[in-house]
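Colleague: First the structure, then my questions, so here it is.
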Amino acid sequence: MAQALIAQTKPAAYQMAGMSLTKMRAVYQRTGRLPEWERLLVALRTEHARKPRMIEVLDGLEGKRSRILKP
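According to this note's numbering, the sequence shown holds residues 21 to 91 in order.
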């Protein structure tokens, strides 16, 4: 779901993808799969490195300062 939203290349879709990823993170935490989650974030950052608004959303997921998505 998040990938489909990111593919829209719209800031509003990035924010919605961030909300979806937030839910995914909770599942990864509950199931003890945080290393897998971290690899997913690295892959998303690499794949979408040229999308600064998406990177801001990913920053918000990691607790970094973001204007788009608050953790």
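All C-beta atoms, glycine included, are put in the ideal place defined by N, C-alpha and C.
Classify Q28 as helix, strand or coil using the three-state DSSP reduction.
Modeller: Stepping through the sequence shown from its first residue, residue 28 is reached at position 8. Q28 falls in the coil class under three-state DSSP.
Colleague: Assign M21 to one of three DSSP states: helix, strand, or coil.
Modeller: In the sequence shown, residue 21 corresponds to position 1, counting from 1. Three-state result, M21: coil.
Colleague: Alpha carbon to alpha carbon, what distance is there between G52 and A37?
Modeller: As a first step, residue 37 is located in the sequence shown; it is residue number 17 there, counting from the start. As a first step, residue 52 is located in the sequence shown; it is residue number 32 there, counting from the start. If you take the alpha carbons of A37 and G52, they lie about 22 angstroms apart.
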